[in-house]
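Student: Counting with this note's numbering, you get residues 3 to 332 for the letters of the sequence shown. Backbone N, C-alpha and C fix where the C-beta goes; we use that ideal spot for every residue, glycine too. The structure presented is a predicted model; accordingly, all values stated were derived computationally and were not measured.
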Amino acid sequence: MLTAHVQPTCPGSARRFNRKILLLTGLLAFGNAAAAHADDAVHKIGVTVGSLGNPFFIATIKGITQQARALAPTVPVQTASADYDIGKQSSQVDSFIAAGNDLVMFNAVDYRAAAPLVRRMHASGATVVAFDVGAPGADATVTTNNVKAGEIACQYIVDRLHGRGDVVIVNGPPVTALTDRVQGCQSVFAKAPGINLLSSNLDAKGSRDGGLAVGQSVLVRFPKVDAMFAVNDPTAMGVELAARQAGRREFFLTSVDGSPDVKQEMRRGNTLIAATASQDPFAIATTATRVGFDIRAGRIKPGVVRLLDPSLITQDTIGSYRGWNAPHNT
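1. Between residue 168 and residue 200, is the Cβ-Cβ spacing less than 7 Å?
2. For the alpha helix (DSSP H) holding residue 148, just list the boundary residues, first then last.
3. Counting along the chain, where does the alpha helix (DSSP H) carrying residue 185 start and finish?
4. Please report how far the alpha carbon of residue 34 lies from the alpha carbon of residue 295, in whole angstroms.
5. Quick check on DSSP: helix, strand or coil for residue 261?
6. Can you determine whether any heavy atom of the ligand PLP sits closer than 6 Å to the C-beta of residue 90, and answer yes or no?
7. Between residue 186 and the rest of its own chain, which residues show a CB-CB distance below 6 Å, the 5 nearest in sequence each way excluded?
8. Since residue 320 and residue 265 are thought to touch, with beta carbons under 8 Å apart, how far apart are those beta carbons, to the nearest angstrom?
9. Residue 105 and residue 298 look like a contact to me (Cβ under 8 Å); what is the Cβ gap, rounded to whole Å?
10. Taking the alpha helix (DSSP H) that residue 96 falls in, what are its first and last residues?
11. Please state whether DSSP places residue 80 in a helix, a strand or coil.
12. Going by C-alpha distance, which of 198, 67, 282 is nearest residue 258?
13. Exposed or buried, which one is residue 227 when buried takes at least 16 other CB atoms within 10 Å?
14. Beta-carbon separation of residue 103 and residue 52 under 7 Å?
15. Taking residue 220 as the reference, give the member of 183, 263, 184, 173 with the closest Cα.
16. Can you name, in chain order, every residue of its own chain whose Cβ lies under 7 Å from the Cβ of residue 81, other than the five neighbours on each side?
17. My guess is that residue 131 and residue 142 are in contact by the Cβ rule of under 8 Å, so how many angstroms apart are they, rounded?
18. Residues in its own chain within less than 8 Å of residue 315 by CB, not counting five upstream and five downstream?
19. When we look at the beta-carbon of residue 75 and count the other beta-carbons within 10 Å, is it buried (16 or more) or exposed?
20. Using beta-carbon positions only, say whether residue 237 and residue 159 come within less than 7 Å of one another.
21. Is it the case that the Cβ atoms of residue 146 and residue 262 are separated by a distance below 7 Å?
22. Residue 209 by DSSP, collapsed to three states: which one?
23. Check whether the Cβ atoms of residue 290 and residue 133 sit closer than 7 Å, and answer yes or no.
24. Are the CB atoms of residue 229 and residue 191 nearer to each other than 7 Å?
25. Which residues mark the beginning and the end of the beta strand (DSSP E) in which residue 63 is found?
26. For a quick check, are the C-beta atoms of residue 139 and residue 120 less than 7 Å apart?
27. Return the residue from the list 155, 231, 225, 284 that minimises the CA-CA distance to residue 249.
28. How would you call residue 207, buried or exposed, if buried means at least 16 neighbouring beta carbons within 10 angstroms?
29. For residue 308, which of 125, 286, 122 has the nearest alpha-carbon?
30. Taking only runs of the beta strand (DSSP E) that begin and end inside the segment 274–311, which ones reach a length of at least 3 residues, in chain order?
31. Residues bridged to residue 316 by DSSP?
32. Are residue 47 and residue 70 closer than 7 Å when you measure CB to CB?
33. Can you tell me whether residue 222 is buried or exposed? The criterion is at least 16 other CB atoms within 10 Å of its CB, across all chains shown.
34. Taking residue 245 as the reference, give the member of 182, 195, 216 with the closest Cα.
35. Compare the C-beta of residue 263 against all C-beta atoms of chain C and say whether one is closer than 7 Å.
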């Protein structure tokens, strides 16, 4: 075997040659260290969601877990349901900190009350990614464009009523996703002088049981309702159950989610739910997880906000709607 030996022609060139070798060696070492840091940036993941009674959150947990496994197969994922109780979510955050979770996927159940929780997680060295709803101080936020979701769901109401009618907004917990939807809906109703908003502040807890309770109250209070906007699909299904029990079918419902249950009901056709602004929980979850890994590895800086567009699903389009279980290229 022949070995080439390079001999600089003078002492000055030898010094320059040696400096270049040292610089190249240093760059290679830095690159290797950065790569190792990128591969080992996340050790444990904690996930807390509003309620596992909502299939949307079950889908997000599945998406987070699948994406985490793809990026770091051995990293454990700890999940918890806060049941829209900020005290319970606070305890879950403390548990995540004690367990050494360095990436927390955070679905805050109360926007304002979430701020100290984010500060505690940051103090422990964790990266906090808010998904589906915002959280003050989070390193990143990945949600549906919920203002737009409220707008398109309520524009459907205005259009179908030809700009005139008595309507209700069935509200929910004080989380950004829901307050943004209500904001979008109210902005549409405000542009239609013939729309009379009967009620907008009743909290149905984002659940089917809550929708049933609020629906019963609204239908007793108002003898005539032309349409209702529910802040999510479980709420809408609860309101529909209240209507069936009361024998009321003079109105229709719109909501937000595009959930499997509502998809099935709309395909059957025997439902008061006329339209839903579809979200993509898998895209939200996988995008948020990748962003969290990228922040931990230093590939992107904190402060990321990504809004994913909803699409309105109606009786006319339900036949071609893929739903949440279809594969996504995200």
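Tutor: The structure says:
1. yes
2. 148–162
3. 178–192
4. Only weak support is given to the placement of residue 34: the predicted model assigns it a pLDDT of 41, under 50, and the question is left unresolved by the model.
5. coil
6. Among the ligands in the structure shown, none appear at all, so the ligand PLP cannot be discussed.
7. 149, 152, 153
8. The beta-carbon separation of residue 320 and residue 265, rounded to 7 Å, stays under the 8 Å limit for a contact.
9. 6 Å
10. Residues 88–101.
11. strand
12. Nearest C-alpha to residue 258: 282.
13. Residue environment for residue 227: buried (at least 16 other C-beta atoms within 10 angstroms of its C-beta).
14. Cβ atoms of residue 103 and residue 52: not closer than 7 Å.
15. 173
16. Excluding residues within five positions, the ones whose Cβ falls inside 7 Å are 49, 63.
17. 5 Å
18. Excluding sequence neighbours, residue 315 sits near 260, 265, 268, 277, 278, 279, 280, 323.
19. Classification of residue 75: exposed, given that the 10 Å Cβ count is below 16.
20. no
21. The Cβ atoms of residue 146 and residue 262 lie no closer than 7 Å to each other.
22. coil
23. yes
24. no
25. Element bounds for residue 63: not the beta strand (DSSP E) but the alpha helix (DSSP H), 57–73.
26. yes
27. 225
28. By the neighbour-count criterion, in which 16 or more other beta carbons inside 10 Å mark a residue as buried, residue 207 falls on the buried side.
29. Comparing alpha carbon positions, the residue from 125, 286, 122 closest to residue 308 is 286.
30. 275–280, 306–310
31. When DSSP reads this structure, residue 316 sits in a beta bridge with 277.
32. yes
33. exposed
34. 216
35. The structure shown contains no chain C, having only a single protein chain.
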